[in-house]
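Taken in order, these protein sequences are the chains called C and L. Per this note's numbering, the very first residue in the first sequence carries number 462; after that it's consecutive. Per this note's numbering, the very first residue in the second sequence carries number 462; after that it's consecutive.
Number of protein chains: 2
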Amino acid sequence: MVWWGINGSIVFCVYLIGCYQCHFKYNKNNGKKKKIRRMSVDKRNYSEGFCFLLSYRLYKQFYINCGLMEQLTVENVQLLPAKNDDHGGVVIELEEHMDSDVFLTLLKTSLSQWTTQGKKGVWIKIPILLVNLVEPAVKEGFCYHHAESDYVMLVKWIPETTSTIPANASHRVGVGAVVLNHKREMLVVQEKNGPLRGKGIWKVPTGIVDVGEDICTGAIREVKEETGIDTEFVEVLAFRQWHKSFFEKSDLFFVCMMRPLSFEIQIQEVEIEAAKWMPVEEVAAQPFAQKESLLRYITDLCIAKVERDYSGFSPHPVTSGVIYLNKRDLN
Amino acid sequence: MVWWGINGSIVFCVYLIGCYQCHFKYNKNNGKKKKIRRMSVDKRNYSEGFCFLLSYRLYKQFYINCGLMEQLTVENVQLLPAKNDDHGGVVIELEEHMDSDVFLTLLKTSLSQWTTQGKKGVWIKIPILLVNLVEPAVKEGFCYHHAESDYVMLVKWIPETTSTIPANASHRVGVGAVVLNHKREMLVVQEKNGPLRGKGIWKVPTGIVDVGEDICTGAIREVKEETGIDTEFVEVLAFRQWHKSFFEKSDLFFVCMMRPLSFEIQIQEVEIEAAKWMPVEEVAAQPFAQKESLLRYITDLCIAKVERDYSGFSPHPVTSGVIYLNKRDLN
């Protein structure tokens, strides 16, 4: 405290000298008297502006050092860079390094202004490199909305009314690929990792759809990655919804029918223990493919598709993405 | 620095006195000589343990104050509370307030131990109330994995091998409900908010599926909330996948056929401007329901369902959730 006190006093003296210099120059220029605190940079010449900014920064630092930042009421304080969104709110995307205390002051001032303007949701995207700004934002009443590896998005609802902040992503999307050759053999794999590891269970190639990837593209990619087989997407035979799959999130798993375009297997060493073409009935006969299990449904659907013209959902482009529907019944 | 220096010296003196007392008592008890630093709490009596812990805490505080935490190498340092996961990693769920410096020390020591043990992914769940621990975790090489309003989950992959950390949730799931009465009239609404606000467009009730909610349950809930109509879920007529729907996330929208169980409309004032029963052909004739638009497909599917026995996907329970499939074609 002694150290801050000494430094604070020096800083304040420099500030007073700065003010005096401005005041002196100002009076010398036009002879009129006016409150120093009302000075605005854009109305003075460069040297005055510089002098004002220097003294303002030192003055602010003095207040920060004394823990009295709350009382700072100097005019012309900057706001955080924000864009309006389509729902009456604002979005702040921080990119450059900033001192936590400076950020807190700017945030308080900005929030005060947005409240006056009747803004609703305030979003702050903080890159991981600026992690020092997360704590001050939370202390100003922000909550997390979502996070990706390199940033966290925080949000605060200003009005007294019920929040209409949109929900975070809730589902992970997986695909299972049914690839059948002309001998009624299904492309199956044994996994090297996960709960089925070492159990000798033959199952269809599966995987997680990448961010921004279509279900049909994801299915083609996964089969190629795991087995080296090229395929063409036919249709979605069924899908399963499952909750609390990982970290309280849900899971949508799409069973996809694929047509093989190549037949020579080359397994991916990291994830796959073994891969082969196996008669559908043998896949279904495994003890693991019991009543009501997903693998049982997968083999049943596959047999229905080849023997009884089962109609799944096939993809069609629409203005907003891709729609999957029963094309045979629609036409 | 002077302040820290004085305090540090006092702390260190107290530490030395503590050590001496331990040493003295130890020698008095069995007469053997042994290095003080090798003392282990579980091998001594309570008073020695307490004395050691007190001196250790003061000694640690001294190092923290001097900014020399990195050099702290005292034995018996506590580890963070962690549970093993099913994939060779560990999960830390923090619940109690902790000083950032103490956390950083515990984290470094724990990471060192887990590295020796060959652990893979390390997960830290930090509640929003412990936001002060986010910055130290990031500085130790952790990235964000995901966040919900009240916590952030961080993760670090220890081995040199490619990370197999599972992907974050990538999709938001929405439902649109096609509710048709016996007069071929469709239940439609006009929205009070969002992009369709004030445009006079009649559309089916829509909404976002809650976390952990089944698609069929979500559709029943949304119709009831928006219009007061009770319904029974029939089947999924189609679904649409759309990317970059919000914050780079994707969107899966399920078009659901519903059977009405009541007919008197009571609109939800907050979200809905108006609601009514409208002939299907009139809904389809709106300029908004143009070629390749989602609303056009919705009305086409509805007409196909009532006129040509269109078969969608109906839900069936499986051991892992609910599977939606074409029941007519499977049997």
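For every residue, glycine included, the Cβ atom is placed at its ideal position computed from N, Cα and C. Predicted, not measured: the structure shown is a model, and the values here were computed from it.
Nearest by alpha-carbon distance to L/Lys581: which of L/Gly550, L/Val595, L/Asp770 is it? Here residue 581 of chain L refers to the residue found at position 120 of the second sequence. The alpha carbon of L/Lys581 has as its nearest neighbour, out of L/Gly550, L/Val595, L/Asp770, the alpha carbon of L/Gly550.
Would L/Glu601 and L/Leu572 qualify as a contact pair, given that the criterion is a beta-carbon distance under 9 Å? In the second sequence, the residue the question calls residue 601 of chain L occupies position 140. In the second sequence, the residue the question calls residue 572 of chain L occupies position 111. At a Cβ-Cβ threshold of 9 Å, L/Glu601 and L/Leu572 count as neighbours.
Going residue by residue through the region 689 to 753 of chain C, where are the continuous alpha helix (DSSP H) segments of at least 4 residues, counting only ones entirely within it? Restricting attention to alpha helix (DSSP H) runs no shorter than 4 residues, the region 689 to 753 of chain C encloses them at 741 to 746, ordered along the chain.
Anything in the region 614 to 645 of chain C with a Cβ closer than 8 Å to a Cβ of chain L? List those residues in chain order, please. Against chain L - using a Cβ distance shorter than 8 Å - the residues of the region 614 to 645 of chain C are Met614, Thr623, Thr625, Pro627, Ala628, Asn629, Ala630, Ser631, His632, Arg633, Val634.
Can you pull the chain L residues whose beta carbon is under 8 Å from the beta carbon of C/Cys604, in chain order? Within the first sequence, residue 604 of chain C is the residue found at index 143, counting from 1. Ordered by position in chain L, the residues that pass the 8 Å Cβ test against C/Cys604 are Ile589, Ser610, Asp611.
Cβ closer than 7 Å: which chain C residues qualify as neighbours of L/Asp675? Residue mapping note: residue 675 of chain L aligns to position 214 of the second sequence, counting from 1. Within 7 Å of the CB of L/Asp675, the CB atoms of chain C belong to Gln702, in sequence order along the chain.
Around the Cβ of C/Val640, are there at least 16 other Cβ atoms within 10 angstroms (buried) or fewer (exposed)? Taking the first sequence and counting its residues from 1, the one referred to as residue 640 of chain C is at position 179. Buried is the label assigned to C/Val640, since at least 16 other Cβ atoms lie within 10 Å of its Cβ.
To which residues does DSSP link C/Pro778 through a beta bridge? For the purposes of this step, residue 778 of chain C is identified with residue 317 of the first sequence, where counting begins at 1. For C/Pro778, which the question treats as bridged, DSSP gives the partners C/Val783.
Residue from C/Asp546, C/Arg769, C/Asp712, C/Ser775 with nearest C-alpha to C/Met719: Within the first sequence, the letter at position 258 stands for residue 719 of chain C. Measuring from the Cα of C/Met719, the nearest candidate turns out to be C/Ser775.
Close beta carbons around L/Trp575, own chain, < 7 Å, minus the five adjacent residues each side: Within the second sequence, the letter at position 114 stands for residue 575 of chain L. Closer than 7 Å at the Cβ level, and outside the excluded window around L/Trp575, lie Val551, Val583, Ile619.
Could you tell me whether the region 654 to 663 of chain C touches the region 694 to 713 of chain L, where touching means 3 or more Cβ pairs closer than 8 Å? Because the criterion of three Cβ pairs below 8 Å is not met, the region 654 to 663 of chain C and the region 694 to 713 of chain L do not touch.
Contact with chain L by C/Ser772, beta-carbon distance below 9 Å: As a first step, residue 772 of chain C must be located in the first sequence, where it is residue number 311. Chain L places a beta carbon closer than 9 Å to that of C/Ser772, counting this residue as a contact.
By alpha-carbon positions, which one of C/Pro778, C/Trp738, C/Lys544, C/Leu791 ends up nearest to C/His643? Taking the first residue of the first sequence as position 1, residue 643 of chain C is located at position 182. Ranked by how close their Cα comes to the Cα of C/His643, the residues C/Pro778, C/Trp738, C/Lys544, C/Leu791 have C/Trp738 in first place.
Considering only C-alpha positions, which residue in the set L/Gln578, L/Cys604, L/Thr570 is nearest to L/Lys586? Working through the second sequence from its first residue, we reach residue 586 of chain L at position 125. In terms of Cα proximity to L/Lys586, the closest of L/Gln578, L/Cys604, L/Thr570 is L/Cys604.
Quick one: is C/Glu753 near chain L, going by C-beta distance under 9 Å? Taking the first residue of the first sequence as 1, we reach residue 753 of chain C at position 292. The beta carbon of C/Glu753 falls within 9 Å of a beta carbon belonging to chain L, placing the residue at that interface.
L/Gly655 to C/Asp547, Cα distance in whole Å? One-based indexing of the second sequence puts residue 655 of chain L at position 194. One-based indexing of the first sequence puts residue 547 of chain C at position 86. If you take the alpha carbons of L/Gly655 and C/Asp547, they lie about 8 Å apart.
What separation, rounded to the nearest whole angstrom, lies between the Cα atoms of L/Val563 and C/His606? Position 102 of the second sequence holds residue 563 of chain L. Position 145 of the first sequence holds residue 606 of chain C. C-alpha separation (whole angstroms): 28 Å.
Under a Cβ-count criterion, where at least 16 other Cβ atoms within 10 Å of its own Cβ denotes burial, should C/Asp675 be classed as buried or exposed? Counting from 1 along the first sequence, the entry for residue 675 of chain C is found at position 214. By the 10 Å Cβ count, C/Asp675 comes out buried.
With DSSP collapsed to three states, give me the class of L/Arg682. As a working note, residue 682 of chain L is residue 221 in the second sequence. In the three-state reduction of the DSSP assignment, L/Arg682 falls in the helix class, which pools H, G and I.
Neighbourhood of L/Glu686 by C-beta, 6 Å cutoff - its chain only, sequence neighbours within 5 removed: Within the second sequence, numbered from 1, the residue matching residue 686 of chain L stands at position 225. Answer for L/Glu686: Gln729, listed in chain order.
May I ask you to list the residues that DSSP assigns as paired with L/Gly637? Here the question's residue 637 of chain L lines up with position 176 in the second sequence. According to DSSP, L/Gly637 bridges with L/Thr667, L/Val716.
On the CB-based measure, 16 or more other CB atoms within 10 Å of its CB, does L/Glu742 come out buried or exposed? Taking the second sequence and counting its residues from 1, one reaches residue 742 of chain L at position 281. Result: exposed.
Grouping DSSP H, G and I as helix and E and B as strand, with all else coil, what is L/Lys644? Taking the second sequence and counting its residues from 1, one reaches residue 644 of chain L at position 183. Three-state DSSP puts L/Lys644 in coil, outside helix and strand.
Could you confirm whether any beta carbon from chain L is found closer than 9 Å to the beta carbon of C/Ala745? Looking up residue 745 of chain C in the first sequence gives position 284. False, the Cβ-Cβ gap to chain L never drops below 9 Å.
Just confirm the distance between the C-beta atoms of C/Ile589 and L/Ala628, as a whole number of angstroms; I'd bet it's less than 8 Å. Reading the first sequence from its first residue, position 128 is the one you call residue 589 of chain C. Reading the second sequence from its first residue, position 167 is the one you call residue 628 of chain L. Going by Cβ atoms, the distance from C/Ile589 to L/Ala628 rounds to 18 Å, so no, they are not a contact pair.
Would you kindly work out how many angstroms separate the C-alpha atoms of C/His704 and C/Ser631, rounded to a whole number? Mapped onto the first sequence, residue 704 of chain C falls at position 243. Mapped onto the first sequence, residue 631 of chain C falls at position 170. Going from the Cα of C/His704 to the Cα of C/Ser631 covers about 10 Å.
Please report the residue range of the alpha helix (DSSP H) in which C/Ala608 lies. Taking the first sequence and counting its residues from 1, the one referred to as residue 608 of chain C is at position 147. Counting along the chain, C/Ala608 falls outside any alpha helix (DSSP H), though it belongs to the beta strand (DSSP E) covering 604 to 609.
Under 9 Å between the Cβ atoms of L/Ile681 and L/Leu648? Position 220 of the second sequence, counted from the first residue, corresponds to residue 681 of chain L. Position 187 of the second sequence, counted from the first residue, corresponds to residue 648 of chain L. Judged by beta-carbon spacing, L/Leu648 lies beyond the 9 Å limit of L/Ile681, meaning their Cβ atoms are not closer than that value.
Short of 9 Å Cβ to Cβ, which residues in the region 696 to 722 of chain L face chain C? In summary, the residues of the region 696 to 722 of chain L whose CB is separated from some CB of chain C by less than 9 Å are Val697, Leu698, Ala699, Phe700, Arg701, Gln702, Trp703, His704, Lys705, Ser706, Phe707, Phe708, Glu709, Lys710, Ser711, Asp712, Leu713, Phe714, Val716, in the order they occur in the chain.
Can you give me the C-alpha to C-alpha distance between C/Phe431 and L/Leu567, rounded to a whole angstrom? An answer regarding residue 431 of chain C cannot be provided, because it is not within the stretch 462 to 792 covered by chain C.
In whole angstroms, what separates the C-alpha of L/Leu594 from that of C/Cys717? Your numbering for residue 594 of chain L matches position 133 in the second sequence. Your numbering for residue 717 of chain C matches position 256 in the first sequence. If you take the alpha carbons of L/Leu594 and C/Cys717, they lie about 44 Å apart.
Buried versus exposed, by CB contacts within 10 Å (16 or more), C/Ser624: Position 163 of the first sequence holds residue 624 of chain C. Exposed, because fewer than 16 other Cβ atoms sit within 10 Å of the Cβ of C/Ser624.
Roughly how many angstroms lie between the CA atoms of C/Asp712 and L/Gln702, to the nearest whole one? On the first sequence, residue 712 of chain C is found 251 positions in, with the first residue counted as 1. On the second sequence, residue 702 of chain L is found 241 positions in, with the first residue counted as 1. Rounded to the nearest angstrom, the two C-alpha atoms are 15 Å apart.
Comparing the C-beta of L/Gly782 with each C-beta of chain C, is any distance below 9 Å? On the second sequence, position 321 is the one that residue 782 of chain L refers to. Yes - at least one Cβ of chain C is within 9 Å of the one on L/Gly782.
Determine, for C/Asp790, whether the minimum Cβ-Cβ distance to residues of chain L falls below 9 Å. Numbered from 1 along the first sequence, position 329 holds the residue referred to as residue 790 of chain C. C/Asp790 belongs to the set of residues whose beta carbon lies under 9 Å from a beta carbon in chain L.
Chain-ordered neighbours of L/Glu596 on chain C, where CB pairs are closer than 9 Å: By 1-based counting over the second sequence, the position of residue 596 of chain L is 135. Neighbours of L/Glu596 on chain C, chain order: Val592, Asn593, Val595, Glu596.
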